[in-house]
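This report refers to the structure that appears directly beneath it.
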Amino acid sequence: MDKKVIEIASRYALEVKNLLPVKMVILYGSYARGTPTRSSDIDIAVVVDKFQGDYLKTSADLFNLVRSLNKNIEPVLLSRRNDKSGFLESILRYGKIVYKSEN
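Residue numbers for the sequence shown, in this note's numbering: 9 to 111.
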């Protein structure tokens, strides 16, 4: 796995945890699988326990953090309690946790 990308994802996680009560930040997608291409973005799941507030505003805030770190980051906001699709389960299975809260 690309150490530079893990470092970018970890720095992003530190910024995000100042914005939200984050449970986990997970690198997933091609970088987590070790199969990135030149056009790959950095897929990052921002996981909260239960989402409260304005989802669109919070998602916009997550994208605004991208500007200061790396424009290739593609964050997605997920709630552990509302993941009926199994997307989070898949990310946890194949992704790399770069931040996990102690609570």
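Ideal placement from N, C-alpha and C gives every residue a C-beta, glycine not left out.
Just to check my reading of the structure: residue i and residue j have Cβ atoms closer than 8 Å, yes? What is that Cβ distance to the nearest angstrom?
| i | j | result |
| --- | --- | --- |
| residue 66 | residue 28 | 7 Å |
| residue 13 | residue 39 | 5 Å |
Excluding sequence positions up to five away, which residues of its chain have a Cβ less than 8 Å from the Cβ of residue i?
| i | result |
| --- | --- |
| residue 87 | 55, 56, 57, 58, 59 |
| residue 71 | 83 |
| residue 43 | none |
Report the rounded CA-to-CA distance for residue i versus residue j, giving the unit in angstroms.
| i | j | result |
| --- | --- | --- |
| residue 16 | residue 47 | 17 Å |
| residue 52 | residue 89 | 18 Å |
| residue 68 | residue 26 | 15 Å |
| residue 78 | residue 92 | 30 Å |
| residue 50 | residue 109 | 21 Å |
| residue 75 | residue 21 | 14 Å |
If we call anything under 8 Å between Cβ atoms a contact, is residue i one with residue j?
| i | j | result |
| --- | --- | --- |
| residue 30 | residue 106 | no |
| residue 63 | residue 85 | yes |
Residues in the same chain with beta-carbon distance under 6 Å from residue i, minus the five sequence neighbours each way, listed in chain order, please.
| i | result |
| --- | --- |
| residue 73 | 23 |
| residue 99 | 34, 36, 53 |
| residue 18 | 106 |
| residue 80 | 49, 50 |
Can you tell me where the alpha helix (DSSP H) holding residue i begins and where it ends?
| i | result |
| --- | --- |
| residue 65 | 63–77 |
Taking 7 Å as the cut-off, is the CB of residue i close to at least one heavy atom of the ligand NAD?
| i | result |
| --- | --- |
| residue 23 | The ligand NAD is not among the ligands present in this structure, which contains no ligands whatsoever. |
Identify the continuous beta strand (DSSP E) that holds residue i and give its terminal residues.
| i | result |
| --- | --- |
| residue 82 | 81–87 |
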